[in-house]
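These protein sequence lines are chains A and B, in that order. At position 23 of the first sequence (counting the first as 1) the number is 32 in my numbering, and the numbers step up by one without a gap. At position 44 of the second sequence (counting the first as 1) the number is 1151 in my numbering, and the numbers step up by one without a gap. Each residue gets a CB set at the ideal place from its N, CA and C atoms; glycine is no exception. Nothing here was measured: the structure is a model prediction, and the numbers come from that model. Below is one structure, written out as structure tokens, with a few remarks after it.
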Amino acid sequence: MGNVEKLSNFIASKISANLSIDSEREEVLAYGAFALIQTILSIIIIVIFGVIFDVLIEVLVISFSAAILRKFSGGVHATSPIRCALIGMFIFGVLAFLVKHFIINLDFIYLIVIMMIAFAFVLYIMFKYSPVGSVNKPLKNEKTRKNLKIKSIKFVLYLLILNIILITTYFKTKNSFLLTISLCISTGVVWQSITMVSLGHLIINILDKLLGGTN
Amino acid sequence: MKRNLVMKVMTLALGMLTFLATTTAASACIWGLYQPEEPKSLREK
Chain A
10 MGNVEKLSNF IASKISANLS IDSEREEVLA YGAFALIQTI LSIIIIVIFG VIFDVLIEVL
70 VISFSAAILR KFSGGVHATS PIRCALIGMF IFGVLAFLVK HFIINLDFIY LIVIMMIAFA
130 FVLYIMFKYS PVGSVNKPLK NEKTRKNLKI KSIKFVLYLL ILNIILITTY FKTKNSFLLT
190 ISLCISTGVV WQSITMVSLG HLIINILDKL LGGTN
Chain B
1108 MKRNLVMKVM TLALGMLTFL ATTTAASACI WGLYQPEEPK SLREK
């Protein structure tokens, strides 16, 4: 059991002891505490990386786009919470660095074409594969699967509309920050889509093994 | 007085963590790249 699980169980047992609740409810509390700690830990590590490498806004937009879409569409998982946070930091950090220092320098017309291809790819993956379950959460209920697929597609469409607004505004104002945000959103959802197919599984499994994972 | 405050904080934490667990269980996975096993009572039927 990892440190995050231990801390979650400790918090749940403290609350349970004080309020005299049953073990089933305590399990739910531990799960809620885990979700909270894992989210905070992941965000803190990403913020530290962003501040150190001067890509804070980029890394936050990429990670939030990917993570929110992930809540609906699922995907491959690391073998421990700490490895998850470190892999997330590495992947989102590299992507943020690429957006800030390389992709943004491409001609505007190429960027538009790349973003159109990106959203077409993401929508295709969502229609075809979403949601992707895991060993600990298989997602076998047909109603749940349909519901999550609809939410994934809706979320991507909202981001597409937001991107169109950002690019149109950029075109009028020439404020490059808007273009950067738009590129980061596209990058985040493309990465999340990749984690739903075999290429993403391969990348995450390699990084997980490098960090000492056993799967 | 102190005991009363502790109980209030615990009750607040109970509500917040239960809500968080329930909403997390309704999504495809937890935030990030790790998914722990879900509690039996929250698993889909």
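Where does residue i sit, in a helix, a strand or coil, going by DSSP?
{"i": "G83/A", "result": "strand"}
{"i": "G97/A", "result": "helix"}
{"i": "R1150/B", "result": "coil"}
{"i": "F180/A", "result": "helix"}
{"i": "S89/A", "result": "coil"}
{"i": "N150/A", "result": "coil"}
{"i": "E1144/B", "result": "coil"}
{"i": "F136/A", "result": "helix"}
{"i": "S74/A", "result": "helix"}
{"i": "F111/A", "result": "coil"}
{"i": "G222/A", "result": "coil"}
{"i": "V64/A", "result": "coil"}
Taking the alpha helix (DSSP H) that residue i belongs to, which residues open and close that run?
{"i": "C193/A", "result": "S185 to I203"}
{"i": "G1136/B", "result": "With the sequence shown as reference, residue 1136/B is identified as Cys, and Gly is not the correct amino acid for it. Segment: none, C1136/B is in no alpha helix (DSSP H) and carries neither H nor E."}
{"i": "V37/A", "result": "S32 to I61"}
{"i": "F1126/B", "result": "K1109 to A1132"}
{"i": "S207/A", "result": "S207 to L219"}
{"i": "F19/A", "result": "N12 to L28"}
Quick one: residues in its chain with C-beta nearer than 6 Å to the C-beta of residue i, no 5 flanking neighbours on either side, listed in chain order?
{"i": "V161/A", "result": "Rather than Val, the amino acid found at residue 161/A in this sequence is Ser. The answer, listed in chain order, is F81, S82, M135 and S139."}
{"i": "K109/A", "result": "V64 and E67"}
{"i": "L169/A", "result": "F128"}
According to DSSP, residue i sits in a beta bridge with which residue or residues?
{"i": "V141/A", "result": "G83/A"}
I'd like to check one pair, residue j with residue i: are the Cβ atoms closer than 9 Å?
{"i": "M1117/B", "j": "G41/A", "result": "no"}
{"i": "T196/A", "j": "L104/A", "result": "yes"}
{"i": "I112/A", "j": "I123/A", "result": "yes"}
{"i": "E14/A", "j": "P1143/B", "result": "yes"}
{"i": "I54/A", "j": "G84/A", "result": "no"}
{"i": "L1140/B", "j": "T223/A", "result": "no"}
{"i": "A127/A", "j": "V198/A", "result": "yes"}
{"i": "K29/A", "j": "W1138/B", "result": "First, the residue type needs correcting, since residue 29/A is Ser and not Lys in the sequence shown. No."}
{"i": "L216/A", "j": "F99/A", "result": "yes"}
{"i": "N27/A", "j": "M1108/B", "result": "no"}
{"i": "Q201/A", "j": "V144/A", "result": "no"}
{"i": "R92/A", "j": "G221/A", "result": "yes"}
{"i": "E1151/B", "j": "L38/A", "result": "no"}
{"i": "A1135/B", "j": "L157/A", "result": "yes"}
{"i": "F117/A", "j": "F62/A", "result": "no"}
{"i": "L17/A", "j": "F43/A", "result": "Note on residue identity: the sequence assigns Ser, not Leu, to residue 17/A. Taking 9 Å as the Cβ cut-off, S17/A and F43/A qualify as a contacting pair."}
{"i": "L188/A", "j": "I174/A", "result": "no"}
{"i": "A1120/B", "j": "I20/A", "result": "yes"}
Considering only residues of the same chain and omitting the five flanking positions on each side of residue i, which have a CB-CB separation below 8 Å?
{"i": "I77/A", "result": "F164"}
{"i": "N172/A", "result": "M124, F128, S191, I194 and S195"}
Within a Cβ cutoff of 7 Å, which residues of the same chain sit near residue i, ignoring the five residues on either side of it in sequence?
{"i": "A1132/B", "result": "E1145 and L1149"}
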